[in-house]
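Its first residue numbered 578, the sequence shown is counted upward by one per residue in the working numbering. C-beta atoms are modelled at their ideal positions from N, C-alpha and C, and glycine is treated no differently. Encoded as structure tokens, the structure appears first; notes follow it.
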Amino acid sequence: MQTNAINTPRLSNSSAFSVESRNGRPDFDLAAALQKVSPQQQAKAQKTATDFEAMFLNSMFSQMTSGLKGEGPFGDTPGTGVWRSMLTEQYSKNFANAGGVGVARDVYRTLIIQQAKTTLRTA
Numbered sequence: 578m579q580t581n582a583i584n585t586p587r588l589s590n591s592s593a594f595s596v597e598s599r600n601g602r603p604d605f606d607l608a609a610a611l612q613k614v615s616p617q618q619q620a621k622a623q624k625t626a627t628d629f630e631a632m633f634l635n636s637m638f639s640q641m642t643s644g645l646k647g648e649g650p651f652g653d654t655p656g657t658g659v660w661r662s663m664l665t666e667q668y669s670k671n672f673a674n675a676g677g678v679g680v681a682r683d684v685y686r687t688l689i690i691q692q693a694k695t696t697l698r699t700a
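In structure tokens:
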């Protein structure tokens, strides 16, 4: 899934804003939801989505390295398991913060749309 920002006219005061696209088409559902969700809630949703992707990547990296045996940093010593878990945790955080593999983007979209629907029900 590819996302790009495109400029489209805004229906409010500002002359233009960025609309995310999904599969090459503007995602107007997300754009409308972002209008209803506060910037604080958007930042919290972004952090939650990035943390979720880091957790997903950590699980993936742990599985990738679980079968490694031998000498060196991925050897089979008693301390290797602890060292490897810390290494994969840092790898996963760095990957997620650098843009990840796309999981955070979809989680963020889902969180924002759900938050906008909740805002409509309570208003």
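Exposure of residue i, with buried meaning 16 or more beta-carbon neighbours within 10 Å
i, result
"Ala-681", "buried"
"Gln-617", "exposed"
"Leu-645", "exposed"
"Gly-677", "buried"
Beta-bridge partners of residue i, as assigned by DSSP
i, result
"Arg-599", "Arg-602"
CB-CB length for residue i against residue j, believed under 8 Å
i, j, result
"Ala-631", "Ala-675", "With a Cβ gap of about 11 Å, Ala-631 and Ala-675 do not count as contacting."
Residue i vs residue j beta-carbon contact at 8 Å
i, j, result
"Asp-606", "Ile-690", "yes"
"Phe-638", "Ser-615", "no"
"Asn-635", "Glu-666", "yes"
"Ala-693", "Ala-608", "no"
- Task: Would you be able to state if there are at least three C-beta pairs under 8 Å between the segment 683 to 692 and the segment 617 to 626?
- Result: yes
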